[in-house]
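Going by this note's numbering, the sequence shown wraps up at 565, each residue one higher than the last. Virtual Cβ for every residue (Gly too), placed ideally from N, Cα, C. Computed from a predicted structure; not experimentally measured. Notes for the one structure printed next.
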Amino acid sequence: MDKDILNEVIEAEKVIQQCIEQEQVRLRDWLDGVKKEAAEAIARAERTDGESFGRALEEAKRDAEMRAKQTVESAEARAARYQDLEDTVLTEIIMKRLPRILLE
462 MDKDILNEVI EAEKVIQQCI EQEQVRLRDW LDGVKKEAAE AIARAERTDG
512 ESFGRALEEA KRDAEMRAKQ TVESAEARAA RYQDLEDTVL TEIIMKRLPR
562 ILLE
């Protein structure tokens, strides 16, 4: 009778060990899937961030070009106005602004 109980215990341990091994395989597979999903999510996020950065950079370039164009146009317009002035008038303007220019 003791041998029967011992055999049953041994068989139960074998079944438990098999269940544990099956569960370990299942968990390993699940963990591999989670790792793969996480890696894919990170890759997607990096692509999205890269695309966002690229768009922001292009927008900043367009803004800078627009501001530079406006500055050049403004300077050209001002230069055109001063070009038509007589030398005496220009001298007066320069003399008025010279102290402020020298302070800078």
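In the three-state reduction of the DSSP assignment, residue 518 falls in the helix class. Within the model, the alpha-carbon separation for residue 558 versus residue 543 is close to 14 Å. Under the DSSP assignment, residue 547 falls outside any alpha helix (DSSP H); it carries neither an H nor an E label. Apart from the 5 residues on each side of it in sequence, residue 551 sits with its Cβ closer than 7 Å to the Cβ of 543 in its chain, given in chain order. In this model, residue 497 and residue 535 are separated by some 57 Å (Cα to Cα).
If you draw a straight line from the Cα of residue 501 to the Cα of residue 532, it comes to about 46 Å.
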